[in-house]
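Visitor: If you scroll down you'll find the structure; I have some questions about it.
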Amino acid sequence: DVKVTQSSRYLVKRTGEKVFLECVQDMDHENMFWYRQDPGLGLRLIYFSYDVKMKEKGDIPEGYSVSREKKERFSLILESASTNQTSMYLCASSSRLAGGVSGDNEQFFGPGTRLTVL
Amino acid sequence: GEDVEQSLFLSVREGDSSVINCTYTDSSSTYLYWYKQEPGAGLQLLTYIFSNMDMKQDQRLTVLLNKKDKHLSLRIADTQTGDSAIYFCAEFLNRDDKIIFGKGTRLHILP
Numbered sequence: 011d012v013k014v015t016q017s018s019r020y021l022v023k024r025t026g027e028k029v030f031l032e033c034v035q036d037m038d039h040e041n042m043f044w045y046r047q048d049p050g051l052g053l054r055l056i057y058f059s060y061d062v063k064m065k066e067k068g069d070i071p072e073g074y075s076v077s078r079e080k081k082e083r084f085s086l087i088l089e090s091a092s093t094n095q096t097s098m099y100l101c102a103s104s105s106r107l108a109g110g111v112s113g114d115n116e117q118f119f120g121p122g123t124r125l126t127v128l
Numbered sequence: 551g552e553d554v555e556q557s558l559f560l561s562v563r564e565g566d567s568s569v570i571n572c573t574y575t576d577s578s579s580t581y582l583y584w585y586k587q588e589p590g591a592g593l594q595l596l597t598y599i600f601s602n603m604d605m606k607q608d609q610r611l612t613v614l615l616n617k618k619d620k621h622l623s624l625r626i627a628d629t630q631t632g633d634s635a636i637y638f639c640a641e642f643l644n645r646d647d648k649i650i651f652g653k654g655t656r657l658h659i660l661p
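This is how it looks when you write it as structure tokens:
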């Protein structure tokens with residue numbers, strides 16, 4: 011069974027704290043993603059990684075950084091949490107498409123981490 | 551209901567072909583579109599197809615329409631780094647005079 015797990019379902023932090031959100035997948039996927047989901051705004055991509063130690067900015071990278079030291083693990087880091095980072099954070103993974111073959115690019119999502127910054 | 555669905559992400563190697571798929575629900579759509587959005591830029595109309603056609607080719611772009619399955623695809627041949635963007639599928643609903651967009655597929659070109 012395909013599995014993407016996130017370290018916490020709920021997290022409460024204070025403004026200015028450093029926050030680590032961990033994501034692990036067991037499908038040997040090359041691609042991993044961090045999104046945040048806010049009411050009325052849908053899913054917004056923060057960062058993604060297409061290989062170990064490789065990362066690229068998504069649409070809203072400001073205030074976040076990421077780390078991909080191992081293929082199965084992708085961490086999202088909030089260096090100094092702020093109240094506007096209160097959100098649902100979703101991790102996803104997908105296999106890489108070699109040759110642009112469609113049909114294999116399905117993303118598998120974790121259960122989400124609801125982060126509240128006080 | 552009206553809905554346009556497409557995958558969120560696609561990664562391909564430079565030089566390979568990219569195929570971005572889209573499904574729509576409203577059979578009364580008259581036009582179907584592909585838009586491209588590059589980082590920091592607005593939407594740019596790439597190509598469109600009328601609903602009575604099943605294929606349209608324009609240089610490196612090929613659009614295929616399967617009206618029976620309500621499936622639209624965009625094939626980009628010989629994908630280049632400049633093709634890196636978010637691609638939006640959209641349908642024009644004649645009866646409502648409005649365009650419904652999908653959420654966009656981010657095309658990532660592997661280095």
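Chains as they are written, first to last, in the numbering used here: chain A, 11 to 128; chain B, 551 to 661.
Where is the CB? At the ideal position from N, CA and C, for every residue including glycine.
Which residues in the same chain as residue 70 of chain A place their Cβ atom closer than 8 Å to its Cβ, once the five residues preceding and following it in sequence are excluded?
Guide: 46, 54, 55, 56
Visitor: Give the secondary structure of residue 94 of chain A by DSSP, where H, G and I count as helix, E and B as strand, and everything else as coil.
Guide: Reduced to three states, the DSSP call for residue 94 of chain A is helix.
Visitor: Residue 659 of chain B by DSSP, collapsed to three states: which one?
Guide: strand
Visitor: Determine whether the Cβ of residue 656 of chain B lies closer than 9 Å to any Cβ atom of chain A.
Guide: yes
Visitor: Decide if residue 93 of chain A is buried, meaning its Cβ has at least 16 other Cβ atoms within 10 Å, or exposed.
Guide: exposed
Visitor: With distances taken from CA atoms, which of A:62, A:90, A:82 is nearest residue 75 of chain A?
Guide: A:90
Visitor: If we count the other Cβ atoms within 10 Å of its Cβ and call it buried at 16 or more, is residue 111 of chain A buried or exposed?
Guide: Only weak support exists for where residue 111 of chain A lies, its pLDDT of 43 falling under 50; the coordinates are left without a value.
Visitor: Kindly identify the DSSP beta-bridge partner or partners of residue 87 of chain A.
Guide: A:30, A:75
Visitor: When the cut-off is 9 Å and only beta carbons count, does residue 72 of chain A lie next to chain B?
Guide: Taking CB atoms only, residue 72 of chain A has no neighbour in chain B less than 9 Å away.
Visitor: Compare the Cα-Cα distances from residue 88 of chain A to each of A:44, A:40, A:39 and report the closest residue.
Guide: Comparing Cα-Cα distances from residue 88 of chain A to each of A:44, A:40, A:39, the minimum goes to A:44.
Visitor: Does DSSP classify residue 130 of chain A as helix, strand or coil?
Guide: As displayed, chain A neither begins before 11 nor continues past 128, which places residue 130 of chain A out of reach and without an answer.
Visitor: If we call anything under 9 Å between Cβ atoms a contact, is residue 568 of chain B one with residue 116 of chain A?
Guide: No, the pair does not count as a contact, with Cβ atoms beyond the cut-off.
Visitor: Taking only beta-carbon atoms, is residue 558 of chain B less than 9 Å away from chain A?
Guide: yes
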